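Take a look at the structure set out below.
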Amino acid sequence: MLDLEQSGKEYIQMLNKTDSSIDSWNLTKKYEYWTKRHNKTNEYPIQASTSQITCNGHLSSVQEMNAVMAMYIWNFNNSIKSPFDLSVKVKVPMIPHSGVRSRHFTLNLNGARRIIFARQHWKKISMERKFGFSIQTCKFSTKVTFDGWFAYHKKNGTSASEGYYSVGVGNLASVSSRLVNTSDHTLNYTLDGSYTQVIFFERTFKTSLIGT
């Protein structure tokens with residue numbers, strides 16, 4: 001798992017090798033550089049955004065009658081931890097499936113390794129009612145973008161700057177191969193993995209909706 005704060009720490013340590021004068025730093029807007037308005041007018045604190053999660057490649061709609069229940073699983077090949085909100089909304093089923101009601105969920109990508117959405121006691125219900133099931137999978141990816149500046153403080157700073165300095169977050173690309181900068185203040189990280197949807201259905205023509 002990539003830790004963005006650890007990447008920031010490594011970057012500050014690299015800067016601090018020369019004179020060891022950096023005595024504080026922070027990635028977020030809660031730092032004094034922002035709260036006490038030491039920042040330059042064209043700067044803003046780091047903000048995070050995520051692209052839409054979709055299945056990669058063309059997928060045909062699945063035809064299955066009498067769908068009664070569904071389970072959705074996202075397994076991540078890699079993950080990132082950060083002090084920022086990395087939520088993204090998804091529409092399921094991601095692979096179109098007739099008879100399954102569309103729903104929207106919010107996924108928290110911060111430190112995500114596996115996310116599962118399923119009806120409570122789904123296994124017990126499935127066994128008791130002897131549901132059949134079908135499984136569809138696909139590969140997915142999403143891009144997390146960090147945009148803005150973070151700051152640090154040097155002791156014995158001049159009265160003009162009061163010892164505060166800013167750094168575009170894009171500079172953190174120098175300490176991790178998975179972080180890609182598109183400018184000095186923008187940084188991208190791509191998450192990918194596999195998505196699985198399990199659709200449970202009645203083995204007869206009877207349809208009973210209990211949480212699809």
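Residue numbers (the UniProt record's numbering): 1 to 212. Just so you know, even glycine gets a beta-carbon here, dropped at the ideal spot from N, CA and C. Given the structure is predicted, the values throughout are model-derived calculations rather than measurements.
C-beta contact flag for residue i and residue j at 8 Å
{"i": "residue 263", "j": "Pro83", "result": "In this structure the chain extends from 1 to 212, so residue 263 is not present and cannot be described."}
{"i": "Ser51", "j": "His153", "result": "no"}
{"i": "Ile80", "j": "Leu172", "result": "no"}
{"i": "Leu27", "j": "Trp74", "result": "no"}
{"i": "Phe133", "j": "Ala48", "result": "no"}
{"i": "Val88", "j": "Arg103", "result": "no"}
{"i": "Phe140", "j": "Gly193", "result": "yes"}
{"i": "Val169", "j": "Leu86", "result": "no"}
{"i": "Arg203", "j": "Lys130", "result": "yes"}
Residue span of the beta strand (DSSP E) that contains residue i, given as start and end
{"i": "Lys40", "result": "No beta strand (DSSP E) holds Lys40; DSSP gives it neither H nor E."}
{"i": "Gly193", "result": "186-201"}
{"i": "Ser183", "result": "180-183"}
{"i": "Ser24", "result": "22-26"}
{"i": "Arg114", "result": "114-118"}
Cβ separation of residue i and residue j, assumed to be a contact under 8 Å, to the nearest whole Å
{"i": "Phe201", "j": "Ala118", "result": "The pair is not a contact, with the Cβ atoms about 15 Å apart (cut-off 8 Å)."}
{"i": "Tyr31", "j": "Ser166", "result": "Tyr31 to Ser166, Cβ: 10 Å. No contact."}
{"i": "Thr54", "j": "Met94", "result": "7 Å"}
{"i": "Ser21", "j": "Asn110", "result": "Not confirmed; about 32 Å, so no contact."}
Extent of the continuous alpha helix (DSSP H) to which residue i belongs
{"i": "Thr35", "result": "32-35"}
Closest Cα partner of residue i within the set the options
{"i": "Ser176", "options": "Tyr189, Ser183, Gly168", "result": "Tyr189"}
{"i": "residue 213", "options": "Met14, Lys124, Ile135", "result": "The first residue shown for the chain is 1 and the last is 212, placing residue 213 beyond what the model contains."}
{"i": "Asn77", "options": "Lys9, Arg113, Val90", "result": "Arg113"}
{"i": "Met127", "options": "Asp19, Thr196, Met69", "result": "Met69"}
Residue-level contact to chain D via CB, residue i, 8 Å cutoff
{"i": "Tyr189", "result": "Structure shown: chain D not included; a single protein chain is present."}
What alpha helix (DSSP H) runs, 4 residues minimum, are completely inside the stretch 120-170?
For the stretch 120-170, whole alpha helix (DSSP H) runs of length 4 or above, ordered along the chain, are 122-129.
Quick check on the DSSP output: what are the complete beta strand (DSSP E) runs of length 3 or more inside the stretch 46-103, in order along the chain?
Uninterrupted beta strand (DSSP E) stretches at least 3 residues long and entirely within the stretch 46-103 occur at 47-50, 67-76, 87-92, given in chain order.
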